[in-house]
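Report on the structure given below.
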Amino acid sequence: MGERSPFRLVILDRDGTINEDRDDYVKSADEWVPIPGALEAIAKLHQAGWHVVVATNQSGLGRGLFDMVTLNEMHLKMNALLAPLGGRVDAVFFCPHAPEDGCRCRKPLPGLFESIRERFSLDEMSAVPAVGDTLRDLLACRAVGCQPHLVRTGKAARLDEAGVQALRDQVPGLTVHASLATFADALLGAERKKHSDARAEGKRLASGGAPH
Ligand SMILES: [Zn+2]
């Protein structure tokens, strides 16, 4: 294969996107419960060559609801559940601050996404899809030029059509999916189509076909 495959990166929100959200915060590994199909979706992305990273507000740390040890336990559980599925999350970028801390990493501010851009040495992020269930996630994504994807799980499961339309109005280029599972299928399906179109074009050129 002469073609160099591009660096594929996808950024996922955590609570409400990968695992079930809770109004009283996910405070322990026991409370970290995957949304049906979400881990399988991450495994598919990983196996297709996508680097999967998480960007998550964890103000429960700043509020003293749990500590770093517990946060690490949640992420160990996530990766332990992913491993038998053939999946992995490459890195978790989190904001540990409470809103009143005035940090730059709490979404909708772009600090976490900027850290990801630096970590992976990306000049720009227009080829990077980012997935979340809230306006905050989508605004942080747009602030660095990523592709915004809403999943209708977590907080977005409660939105009616008018609520979704309001998000579309505030987030240019928004794509809406039922869940992380359907997001992954759409992303990988679009990628397969691009490759088969490119192969068909290659064959047409090789056979000396006239351009349409
Ligand atoms: Zn922060």
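Each residue of the sequence shown is one higher than the one before, starting from 1037 at the first, in my numbering.
We treat Cβ as the ideally placed atom computed from N, Cα and C, and that holds for glycine.
Check: residue i C-beta below 8 Å from any heavy atom of ligand 1
i, result
"P1132", "yes"
"D1142", "Strictly speaking, residue 1142 in this sequence is Arg, with Asp absent from that position. Indeed, a heavy atom of ligand 1 lies less than 8 Å from the Cβ."
"G1147", "yes"
"D1173", "no"
"D1137", "yes"
Unbroken beta strand (DSSP E) run spanning residue i, endpoints
i, result
"Q1183", "1183-1187"
"T1092", "1086-1093"
"R1044", "1044-1048"
"V1212", "1211-1213"
Whole-Å CB distance - residue i paired with residue j, under 8 Å assumed
i, j, result
"T1145", "D1169", "Just to set this straight, residue 1145 is Leu in the shown sequence, not Thr. Contact flag wrong, Cβ pair sits at about 18 Å."
"N1055", "P1070", "5 Å"
"A1091", "F1043", "Contact flag wrong, Cβ pair sits at about 17 Å."
"V1167", "D1126", "Actually they do not touch by this definition, with Cβ atoms about 15 Å apart."
"C1182", "I1078", "Not quite, the Cβ-Cβ distance comes to about 18 Å (not below 8 Å), so this is no contact."
First and last residue of the uninterrupted alpha helix (DSSP H) at residue i
i, result
"A1234", "1216-1242"
key: Those runs of the beta strand (DSSP E) which lie wholly inside the segment 1135-1183 and span at least 3 residues   = If we require 3 residues or more, the beta strand (DSSP E) runs fully inside the segment 1135-1183 come out as 1165-1168.
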